[in-house]
Ligand SMILES: Cc1ncc(C[n+]2csc(CCOP(=O)(O)OP(=O)(O)O)c2C)c(N)n1
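In my numbering, the protein residues as written are 316 to 634.
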């Protein structure tokens, strides 16, 4: 019999596969020009969103960047509505008007999908402030890339979160590159977590290819936030296998480097752990089949949906 911890690991394995297969299907649809515009894949980083978001209660908030398909799926958003959004269809979670970078679902407390690098870090502080002001024991998880930590919005957000002791956990997904720029060429200190110290915020720095390690580290921070003991910043070292976006051939890094990280793939490593824990090859294969089926159905749903009518073009625009 698997232990409670092993059962949780299996659930995270299923979710990571769901994300991987969903994005592979999205990449294919993009190459067929069914998805247009920006599309930033999260392939390789799945353990981070999965481990972190699995720590949350239903009434907690998640806010993320434009690289957020995985976070939306980990939060339990409908894969059909996400794929339809990528296709720009009216059945999409943002009515087809947001696209890949702007996934939202208020019911799941998924507050975007933000295209302005670092702009959402202060919004996360605002969400956490609202929870605190209304005396609700809710926590906000805010994801960003390491590049975002150079931007003013990051420092404004952290400064206020620390000053007001807000229930927010900042997760820096350090995938080593901001577009084509490696972290060592754009930041003096490559240990990004040190930036939390300037604001008196507790910090952690971990590897991002073990969803259980991410889960346990984030859980501690979430518990602290829920106990009104203030914010935490967690830097998670990870790697994206694809380019910055679908149009980036990623020529700024070597094939050997990519392969080095792929050897430490979270899905492969987790599968090994689950086999050791007593799950059968067939059970794990079944999870993969299910993930592929979810992705296939999402593409079919998106293809069979309509584009929003032109009359809706200005309906949701504030002027
Ligand atoms: C304010 C702002 N400046 C520049 C950009 C263009 N831009 C989009 S993504 C990106 C790199 C961000 O890298 P990082 O924060 O490390 O996240 P990653 O894409 O690696 O997940 C840049 C510079 C932007 N969207 N917003």
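Where is the CB? At the ideal position from N, CA and C, for every residue including glycine.
Among the options, which residue has its Cα nearest to the Cα of residue i?
i           : options            : result
residue 340 : 444, 435, 417, 611 : 611
residue 476 : 405, 550, 545, 331 : 545
residue 453 : 537, 398, 515, 494 : 537
residue 397 : 502, 617, 622, 621 : 617
residue 451 : 575, 483, 535      : 483
residue 628 : 316, 378, 413, 393 : 413
residue 514 : 473, 527, 530, 532 : 473
residue 439 : 380, 401, 399, 496 : 380
residue 517 : 485, 503, 528      : 485
Does the distance between the C-beta of residue i and the nearest non-hydrogen atom of ligand 1 fall short of 7 Å?
i           : result
residue 463 : yes
residue 490 : yes
residue 396 : no
residue 520 : no
residue 467 : no
residue 380 : yes
residue 430 : yes
Could you tell me how far apart the beta carbons of residue i and residue j are, in whole angstroms, since I believe they sit closer than 8 Å?
i           : j           : result
residue 481 : residue 447 : 6 Å
residue 469 : residue 488 : In fact, because the Cβ distance is near 13 Å, the residues do not count as touching under 8 Å.
residue 508 : residue 471 : With a Cβ gap of about 19 Å, residue 508 and residue 471 do not count as contacting.
residue 609 : residue 333 : 6 Å
CA-CA distance, residue i and residue j?
i           : j           : result
residue 631 : residue 542 : 38 Å
residue 349 : residue 411 : 13 Å
residue 384 : residue 428 : 9 Å
residue 522 : residue 421 : 31 Å
residue 371 : residue 456 : 9 Å
residue 520 : residue 375 : 23 Å
residue 633 : residue 620 : 26 Å
residue 494 : residue 568 : 11 Å
residue 378 : residue 614 : 25 Å
residue 404 : residue 390 : 21 Å
residue 327 : residue 581 : 10 Å
Check the Cβ-Cβ distances between residue i and every residue of chain D, and say whether any is below 8 Å.
i           : result
residue 465 : The structure shown contains no chain D, having only a single protein chain.
Can you check DSSP and say which residues form a bridge with residue i?
i           : result
residue 598 : None; residue 598 has no bridge partner.
residue 460 : 488
residue 551 : 488, 521
residue 425 : 377, 420
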